[in-house]
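S.K.: Before anything else, here's the structure in question.
Residue numbers (this note's numbering), protein chains in the order written: chain A, 64 to 336; chain B, 2 to 261.
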């Protein structure tokens, strides 16, 4: 049964140095507050996993939390580049960042395999692209029934998956709706899970795109109102598009990024060579 | 950007001409998987002007989105609020895209080459890139699973290159027969719509060839803005200039994004 806890305690308990961590969300319900807590607690050598790493991953990478990124699209939606991500890949700052690069379809099937308890996922993917030349986790498998050659990708089983949802009930069941991306699969694929929620309610009402995760399948639930700002929480608050635009100049320079770290109560720490 | 004038009074830009030309190209298609960036504006314009029944599918899992304003990104809440159905990422790629249910894939590009292969991954060496681009997203499977692909891109010698250094999304590979050799369904890229004109694959060689120039654009201007020796179709067409109605609807649509 999911344990209700506060955010700092949940991160301290669940997220360890060198863990593989997925903070999922497709534009919507991005777990910013949890990501900031990981930065404040100074985690290091994480393998970060996400289909669409955006501003929160730029922040984690710039803060030196990540040794590796497993992803399929890294950008600031509607704005442009992720400058901390680019500084890490192009210049190795604040530390070199290993990358393992897929397509969305490949990542979705990797989580699906992980959630299903299977060793790999199968799809018709990556055909004709150069990605398999650089990504060791793209292979082929022959269908035993038709002989067709298909793409195989290994299951993703994060040590920890963190997502943000609209609601939990008092038993720790979690309810999200609207665009829910790959969050269900990412939770069910993980060894440990944290769901931050806007609020706790007595019972759930129906909404378009409802996803309910039973509390017995989760590790921790933390009540964090506004926990996905500046992204949005359908039915609670709108996306702060200006914050994404303002991130562009902040993230362009290492100095303005260090000042931003101070603004969330974190410090820029030198990364050991 | 320069453009032209419609009806002797209304000025338009080359970007507006590009978006309007792309929207016209979606007049007949029933279903469109809408890529990130420039495609979204043109797809929403098409639904307002030429094809009100057009089903827009975004990779955020919004099927049949009918946004009343331009979405700020492909995961914008307005897409979820107006969709016929919402589904997970697994479902949008595995159930809807992969089996070939979607007629037209509509993509942008950082670079595209003469065989319509798209690069959105890196400029320069993969391990030590000069420019690290966002990456693949949904595009590799959109490019190979839809029945046809349309690309929209601003045309410069840096964006339309002879050969991309990294194939993120497959067009025609190195020419005729490569799609068939890979067993790809669908016809592949059928039009590349730019701010200067429209390029389509040559029926014999699959090399992108200039088939349409936008009004006021010379063939020489297009060739200068292309990174290979661009062939010109024997019967070169000139695009119809934007109508006053097309411009009105496009500008009203773009104003909705600025207000968002």
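Glycine residues also receive a C-beta, built at the ideal position from the N, C-alpha and C atoms.
Quick check on residue 236 of chain A - is its C-beta less than 8 Å from some C-beta in chain B?
M.R.: Judged by the 8 Å Cβ criterion, residue 236 of chain A is not in contact with chain B.
S.K.: Could you check the C-alpha separation between residue 254 of chain A and residue 85 of chain A for me, to the nearest Å?
M.R.: Cα-Cα distance, rounded: 11 Å.
S.K.: In terms of DSSP beta bridges, what is residue 130 of chain B paired with?
M.R.: Residue 130 of chain B is bridged to B:125.
S.K.: Would you mind working out which of B:221, B:73 and B:196 sits nearest residue 230 of chain B, comparing C-alpha positions?
M.R.: Selected option, being the one with the closest Cα: B:221.
S.K.: Do residue 223 of chain A and residue 258 of chain A have their beta-carbon atoms positioned less than 8 Å apart in this structure?
M.R.: In this structure, residue 223 of chain A does not lie closer than 8 Å to residue 258 of chain A by Cβ.
S.K.: Counting Cβ pairs, one atom from each stretch, are 3 or more of them under 8 Å apart for the stretch 181–191 of chain A and the stretch 206–223 of chain A?
M.R.: Output reads yes: the stretch 206–223 of chain A touches the stretch 181–191 of chain A.
S.K.: Is residue 336 of chain A buried or exposed, if buried means 16 or more other CB atoms sit within 10 Å of its CB?
M.R.: Residue confidence for residue 336 of chain A is low, a pLDDT of 46 falling below 50, so the modelled location carries little weight; the figure read from the coordinates is stated next. With fewer than 16 Cβ atoms within 10 Å of its Cβ, residue 336 of chain A is classed as exposed.
S.K.: Can the beta-carbon of residue 172 of chain B be found less than 8 Å from the beta-carbon of residue 118 of chain B?
M.R.: Cβ atoms of residue 172 of chain B and residue 118 of chain B: closer than 8 Å.
S.K.: Any beta carbon of chain A sitting closer than 8 Å to that of residue 63 of chain B?
M.R.: Judged by the 8 Å Cβ criterion, residue 63 of chain B is in contact with chain A.
S.K.: Excluding five sequence neighbours on each side, which residues of the same chain lie with their C-beta closer than 7 Å to the C-beta of residue 53 of chain B?
M.R.: Counting only Cβ-Cβ distances below 7 Å, and skipping sequence neighbours, we find nothing.
S.K.: Taking the alpha helix (DSSP H) that residue 18 of chain B belongs to, which residues open and close that run?
M.R.: Taken as a continuous stretch (DSSP letters only), the alpha helix (DSSP H) holding residue 18 of chain B covers 15–25.
S.K.: Could you pull the DSSP bridge partners for residue 232 of chain A from this structure?
M.R.: Partner(s): A:264.
S.K.: Taking Cβ-Cβ distances shorter than 8 Å, what residues in chain C pair up with residue 183 of chain B?
M.R.: Although the question refers to chain C, the structure presented lacks it and instead comprises the protein chains A and B.
S.K.: State the CB to CB distance for the pair residue 188 of chain A and residue 141 of chain B, rounded to an integer number of angstroms; the pair is presumed to be in contact (CB under 8 Å).
M.R.: With a Cβ gap of about 7 Å, residue 188 of chain A and residue 141 of chain B count as contacting.
S.K.: Check whether the Cβ atoms of residue 223 of chain B and residue 254 of chain B sit closer than 8 Å, and answer yes or no.
M.R.: Contact: no.
S.K.: Thinking just about the alpha-carbon of each residue, which of A:213, A:249, A:101 and A:208 is nearest to the one in residue 114 of chain A?
M.R.: Minimum Cα distance to residue 114 of chain A is reached at A:249.
S.K.: Can you check which of these residues, A:94, A:232, A:241 and A:98, is closest to residue 277 of chain A by C-alpha distance?
M.R.: Taking only the C-alpha atoms, the option nearest residue 277 of chain A is A:232.
S.K.: Got a sec? Which residues, its chain only, sit under 8 Å from residue 156 of chain A by beta carbon, not counting five neighbours each side?
M.R.: Result list for residue 156 of chain A: 150 and 317, in chain order.
S.K.: For residue 142 of chain B, report the span of its alpha helix (DSSP H) as first-last.
M.R.: Start and end: 140–146.
S.K.: Cα-Cα, which of B:232, B:143, B:199 and B:74 is closest to residue 206 of chain B?
M.R.: Per the Cα distances, B:232.
S.K.: Are the beta-carbon atoms of residue 290 of chain A and residue 97 of chain A separated by less than 8 Å?
M.R.: Yes, the Cβ-Cβ distance between residue 290 of chain A and residue 97 of chain A is below 8 Å.
S.K.: So, does the stretch 180–196 of chain B touch the stretch 123–143 of chain B, judging by three or more C-beta pairs under 8 Å?
M.R.: With a cut-off of 8 Å, the stretch 123–143 of chain B and the stretch 180–196 of chain B do not count as touching, because too few Cβ pairs lie within range.
S.K.: Who are the Cβ neighbours of residue 119 of chain A in its own chain at under 7 Å, not counting the five residues just before and after it?
M.R.: For residue 119 of chain A, where only same-chain residues beyond five positions count, the Cβ hits under 7 Å are 86, 93, 95 and 98.
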